[in-house]
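In my numbering, the protein residues as written are -16 to 329.
Cβ atoms here follow ideal geometry from the backbone N, Cα and C, with glycine treated the same way.
Structure first, commentary second.
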Ligand code: G3I
């Protein structure tokens, strides 16, 4: 019965990608195979742009607040929290049956202005971090399915990044963060999240060693988030095989993987936007297929709903057109290949 239903959905999915109007949104194709297709949600767009909101509701069955949960934006003063954005986001996600991926509890960027190493002793900083994790995770206990507990703790040279948390608590801050989060919500799935570790190499090895050590110590880490902020030059390296190799190695440790921040920059001064869209679609397809094939991956999250709200132009100074929907919220070729992959088409 279930097989027949999935077959019906795949039939509709094929009709969709060959036709003008999508017959089935991504979230329905995903749900038919117990998969999560998500998007990072922009703090302002979700409040002010009804078309953006409707598109997100139609297409995604998981959402990651892009900035709302970060320590700086959520905590304007020591021990004080502004829950207005996150409360509204949770209510909206629940009303539309979307899973929520919490991002992020421990990071070296977007820290509060009041968090100053000259003001606090290492012991006080440890207490601040513990209180922060327990407060945020505890408030939404049972409502947030998964958390990025620690983000980007590994530097590009493979060593632990020199951050306020490493300096105050030592390398143990990572294990402690997972333990505090687990105590605050024992049901939440807890991720270590990082960039440039999605294909084999120095960074992937360093992330593997870090989480392997945590698993061996019995630390409650359940998965690794592969961010995947890709550039078009990675067209040849980001193959399903290379990505799959990283995923399987983590599976052998008993860990889940999720693609947590997928986007792809395609600005090339020698070629126009249109010429790059198919290349972009090819890489999106590779990522989806790698995750769908891996036994421990059931989630792919794109880092934004539409090119109009992506963080990339502010970062690179180029348009770069990194996402599934263009500035006018219309689907791009990458959208079509994601639909095809979710529909089980070759
Ligand atoms: O909200 C303020 C606004 O009030 C102010 O007027 C404006 C002036 O610059 O800044 C606004 O804040 C910006 C915020 O995004 C919201 O748009 C910050 O300056 C800007 O730094 C911040 O950038 C975010 C970036 O993380 C911070 O490093 C991006 O939106 C966000 O997409 C990006 O996401 C990270 C992930 O969390 C972790 N992985 C990498 C990824 C990309 O850097």
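Cβ atoms of residue 238 and residue 194: under 8 angstroms apart, would you say?
Along the chain shown, read from residue 1 onward, the residue named residue 194 stands at position 211. Along the chain shown, read from residue 1 onward, the residue named residue 238 stands at position 255. Yes; because the gap between Cβ atoms is below 8 angstroms, this pair is in contact.
What is the rounded straight-line gap between the Cα of residue 302 and the Cα of residue 106?
Taking the first residue of the chain shown as position 1, residue 302 is located at position 319. Taking the first residue of the chain shown as position 1, residue 106 is located at position 123. Straight-line Cα distance between these residues: approximately 44 angstroms.
Any heavy atom of ligand 1 closer than 7 angstroms to the CB of residue 140?
As a working note, residue 140 is residue 157 in the chain shown. False, no ligand heavy atom lies under 7 angstroms from that Cβ.
Cα-Cα separation between residue 182 and residue 261, rounded to whole angstroms
Along the chain shown, read from residue 1 onward, the residue named residue 182 stands at position 199. Along the chain shown, read from residue 1 onward, the residue named residue 261 stands at position 278. The alpha-carbon atoms of residue 182 and residue 261 are separated by roughly 22 angstroms.
What three-state label does DSSP hand residue 4 in the structure shown?
Walking along the chain shown from the start, residue 4 turns up at place 21. Reliability fails at residue 4, whose pLDDT of 47 lies under 50, so the model's placement of it is uncertain and no value is given.
Go ahead and pull the three-state DSSP assignment for residue 318.
Against the chain shown, residue 318 aligns to sequence position 335. Reduced to three states, the DSSP call for residue 318 is helix.
With a CB to CB cut of under 8 angstroms and the five nearest residues on each side skipped, what residues in its chain are close to residue 204?
Taking the chain shown and counting its residues from 1, the one referred to as residue 204 is at position 221. Correct list, in chain order: 132, 161, 173, 174, 175, 194, 197, 198 and 238.
What residues match up with residue 335 in a beta bridge as DSSP calls it?
With the chain represented from -16 up to 329, any question about residue 335 goes unanswered, as that position is not in the structure.
Buried or exposed, going by whether 16 or more other CB atoms sit within 10 Å of the CB of residue 124?
By one-based count along the chain shown, residue 124 stands at place 141. With fewer than 16 Cβ atoms within 10 Å of its Cβ, residue 124 is classed as exposed.
Taking 7 angstroms as the cut-off, does the CB of residue 93 come closer than this to any heavy atom belonging to ligand 1?
Counted from its first residue, the chain shown places residue 93 at position 110. Answer for residue 93: yes, Cβ within range of ligand 1.
Determine the extent of the beta strand (DSSP E) in which residue 22 is found, giving its start and end residues.
Here the question's residue 22 lines up with position 39 in the chain shown. Unbroken beta strand (DSSP E) run through residue 22: 19 to 24.
Nearest-angstrom Cα distance between residue 310 and residue 34?
Here the question's residue 310 lines up with position 327 in the chain shown. Here the question's residue 34 lines up with position 51 in the chain shown. Taking the straight line joining both Cα atoms gives about 12 angstroms.
Considering just the uninterrupted stretch of the alpha helix (DSSP H) at residue 224, what are its terminal residues?
Stepping through the chain shown from its first residue, residue 224 is reached at position 241. From DSSP, the alpha helix (DSSP H) with residue 224 extends over 223 to 235.
Can you list the alpha helix (DSSP H) stretches of 4 or more residues lying completely in the stretch 240 to 306, in chain order?
256 to 276 and 295 to 299
8 angstroms Cβ cutoff met for residue 241 and residue 287:
Start at 1 with the first residue of the chain shown, and residue 241 comes out as number 258. Start at 1 with the first residue of the chain shown, and residue 287 comes out as number 304. Not closer than 8 angstroms, so no.
Is it true that the CB of residue 73 sits closer than 8 angstroms to the CB of residue 141?
The residue labelled residue 141 in the question sits at position 158 within the chain shown. The residue labelled residue 73 in the question sits at position 90 within the chain shown. Not in contact: residue 141 and residue 73 (Cβ atoms no closer than 8 angstroms).
Distance, Cα to Cα, residue 115 vs residue 255?
What you label residue 115 is simply residue 132 of the chain shown in a count that begins at 1. What you label residue 255 is simply residue 272 of the chain shown in a count that begins at 1. Approximately 46 angstroms, taken between the alpha carbons.
Should residue 129 be counted as a contact of ligand 1 given a C-beta to heavy atom distance under 7 angstroms?
For the purposes of this step, residue 129 is taken as the residue at position 146 of the chain shown. The answer is no for residue 129.
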